[in-house]
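Asker:
Number of protein chains: 2
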Amino acid sequence: MLVAVDCIIFGFDGTHLKLLLIQRAFQPEAGNWSLMGGFVQPDETLPKAAARVLKKLTGIADVYLEELSAFSHPERDPIERTLSVPFTALVDIQQYETQITDDYHAGWFDINKYPKLIFDHREMVEKAKARLRYKAAFHPVLFELLPAKFTIPQLLNLYEEVYDISMDKRNFSRKILSMDLLEKLNEKDKGNSKKGAWLYRLNKKKYKANFHKVASIIPNPDIHYS
Amino acid sequence: MLVAVDCIIFGFDGTHLKLLLIQRAFQPEAGNWSLMGGFVQPDETLPKAAARVLKKLTGIADVYLEELSAFSHPERDPIERTLSVPFTALVDIQQYETQITDDYHAGWFDINKYPKLIFDHREMVEKAKARLRYKAAFHPVLFELLPAKFTIPQLLNLYEEVYDISMDKRNFSRKILSMDLLEKLNEKDKGNSKKGAWLYRLNKKKYKANFHKVASIIPNPDIHYS
DNA sequence: TCAAAAGTGTTTAAAGTACACCCATGA
DNA sequence: TCATGGGTGTACTTTAAACACTTTTGA
């Protein structure tokens, strides 16, 4: 049996949650939109294969990668039986090397409006989206989608986009800051307002140490995943 | 690449959380303790393969099965490269057909004291245990380990065993009943006390409908998983 | 000077936690 | 009659949710 990995790569452009797709270069389905994937090599584990594929497409290393349940339907690949293990990748879209777009005919698409995909890739994307909502309701993973320095209002926008809700900014910032993961910097970001918003950065140590802890950031998180 | 599934089968004997293991019948590692596993057949998905393996070993069908992350180290199987996907199975130990014990040289072991296992099976078991704790802290999966009719004190014992804590029975029963998943029967179980404890059964509809909801049953759930 | 986003504080409601007593029964 | 496990109720603490005003500043 062939074994492959496919990467569901999420990014956040400040307004919308985005998905990175490529136009497939070979048969079957050449020219059609697809997730970036690849076969697992003899010396690789699955996570290593996913990291390799991601690096090749985005130029980014050391990325948040989460393995999802395998896709194993016997006829999912029409040519030869292939098991595929999807990985969710959360990247800082600003670090994406845009020259790659040409090499792979890649493109970022709004998560709510992306083209028809080959095989069962649509199902993978929807699974990854549901999983992201589930995970982010309890664990501070969404920081992975932001640049190293970010503002609380940016973070709020991200949560509102991922869950398609609007949240109370006062309760939100209190909750986020009470998690004690952020360090306030002496800089402001004036990109979005005249007053400017304070920039923060993650305290990586605290982030790692507290990652497994459950933080209920979203009101009524139940209703946001199936 | 060969693709296999391995089942981490949990049961509850009323006191301890148990793990079902077999003595491997073939080389390599013949005679040593192992998880029950098998290769994925040409017409099977992974979950189907896991269900088949489980049925063969326990005689039980329609069991709670949850796929865990794949084990993919290139040298995990010394003979030939084999990818294995572990599945957690939660079974009602009373339904286990004991005659099978002889066929497979199977045995139930205390989850805290089980023999040396082949390959990376110990790691699978530990992952499954951690995952069970995580999952059960938020979702009512532990019912799967009990018979169709059970009492609140039995359920309490189960939670206390899984998390190795003691809980307040008053708060526990209030919490459980407020989830509105149980139906009180007109029977008592007198196995554990003179007074007898009321028997309940799951309302399957409500169970399925509310499964995704998050119920914080364990106090300080954070501290119980890594 | 005013529009637009940033930032802060208080009140109320709900959920979680701690804790103590009575009940039913068989030995 | 008493020891054993089963069952319930209440006060208190903590956490979440709702909500309104002041600040800064560039156009």
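Residue numbers (our numbering), protein chains in the order written: chain A, 17 to 242; chain B, 17 to 242. Think of the CB as a built atom: it goes at the ideal place given N, C-alpha and C, for glycine as much as any other residue.
(1) Which complete beta strand (DSSP E) runs does the region 28-58 of chain B hold, if anything under 3 residues is left out?
(2) Closer than 8 Å, CB to CB, is E160/A near chain B or not?
(3) What do you get for G27/A, buried or exposed, if any count of 16 or more other CB atoms within 10 angstroms of its CB means buried?
(4) For A20/B, which residues of its own chain have a beta-carbon under 6 Å away from its beta-carbon, when the five flanking residues on both sides are left out?
(5) Go ahead and pull the three-state DSSP assignment for P169/A.
(6) Less than 8 Å between the CB atoms is what I'm expecting for S232/A and L62/B, so what's the real figure, rounded?
(7) Tell me which same chain residues have a C-beta within less than 6 Å of the C-beta of A105/B, skipping the five on either side of it?
(8) Does the ligand ZN have even one heavy atom less than 7 Å from the beta-carbon of I25/B?
(9) State yes or no: is the C-beta of I127/A within less than 8 Å of the C-beta of L35/A?
(10) Give me the residue from Q110/A, D205/A, K221/A, L33/A with the minimum Cα distance to L198/A.
(11) Check each candidate in A65/A, H155/A, P90/A and name the one with the smallest Cα separation from H228/A.
(12) What are the uninterrupted segments assigned as alpha helix (DSSP H) that are 4 or more residues long and contained completely in the region 112-173 of chain A, given in chain order?
(13) Would you give the residue range spanned by the alpha helix (DSSP H) that A66/B belongs to?
(14) By the three-class DSSP mapping on this structure, what secondary structure does F87/A have?
(15) Exposed or buried, R40/B, counting other C-beta atoms within 10 Å across all chains shown (16 or more means buried)?
(16) Grouping DSSP H, G and I as helix and E and B as strand, with all else coil, what is F16/A?
(17) Grab me the residues of I134/B's own chain with a C-beta within less than 6 Å of its C-beta, minus the 5 sequence neighbours each way, in chain order.
(18) Got a sec? Which residues, its chain only, sit under 7 Å from P163/B by beta carbon, not counting five neighbours each side?
(19) By how many angstroms is the C-alpha of T117/A removed from the C-alpha of R123/A?
(20) Taking K204/A and W214/A to be in contact with their CB atoms under 8 Å, please state how far apart those CB atoms are, rounded to whole angstroms.
(21) With DSSP collapsed to three states, give me the class of S100/A.
(22) DSSP three-state label for K211/B, please.
(23) S88/B touches chain A at which residues, Cβ-Cβ below 9 Å?
(24) Within the 8 Å Cβ cut-off, does S85/B reach chain A?
(25) My understanding is that N208/A touches P169/A, with C-beta atoms under 8 Å, so please give their C-beta distance in whole angstroms.
(26) Taking 8 Å as the limit between beta carbons, can you name the residues of its chain near E177/B, skipping five residues before and five after?
(27) Given a threshold of 16 other Cβ atoms within 10 Å of its Cβ, counted over all protein chains shown, does D93/A qualify as buried or as exposed?
(28) Which residues in chain A sit within 8 Å of V141/B, going by Cβ to Cβ distance?
(29) Determine the chain B residues that contact H155/A at a beta-carbon separation under 7 Å, and present them in chain order.
(30) Give the residues of chain B in contact with K229/A, contact being defined as C-beta atoms less than 8 Å apart.
(31) Rounded to whole angstroms, what is the Cα-Cα separation between P90/A and D59/B?
(32) My guess is that L174/A and L158/A are in contact by the Cβ rule of under 8 Å, so how many angstroms apart are they, rounded?
(33) Specify the secondary structure class of I192/A as computed by DSSP and reduced to three states.
(34) By Cβ distance, which residues of its chain are closer than 6 Å to E113/B, with the 5 residues on each side in sequence left out?
(35) Alpha carbons only, please: which of S189/A, K211/A, E142/A is nearest the one belonging to L84/A?
Answerer: Reading from the atomic positions:
(1) 33-39, 52-55
(2) no
(3) buried
(4) G53, F55, T98, S100
(5) helix
(6) Their Cβ separation, rounded to whole angstroms, is 32 Å, which puts S232/A and L62/B out of contact at 8 Å.
(7) C23, I25, L70, V79, L81
(8) Ligands are entirely absent from the displayed structure, and the ligand ZN is therefore not among its contents.
(9) yes
(10) K221/A
(11) H155/A
(12) 116-120, 137-152
(13) 62-74
(14) strand
(15) buried
(16) Any property of residue 16/A remains undetermined from this structure, which presents chain A solely from 17 to 242.
(17) E45, N48, S50
(18) D108, Q110
(19) Looking at the sequence itself, residue 123/A is Gly, so the reference to Arg does not match. Computed Cα separation, rounded: 7 Å.
(20) 6 Å
(21) strand
(22) coil
(23) V19, V56, E60, T61, L62, P63, K64, A65, V101
(24) yes
(25) 7 Å
(26) F28, T31, H32, L33
(27) buried
(28) The contacting residues do not exist; V141/B stays about 19 Å from chain A at best.
(29) What H155/A touches in chain B: nothing, since even the nearest Cβ is about 11 Å away.
(30) D238
(31) 6 Å
(32) 5 Å
(33) helix
(34) G75
(35) E142/A
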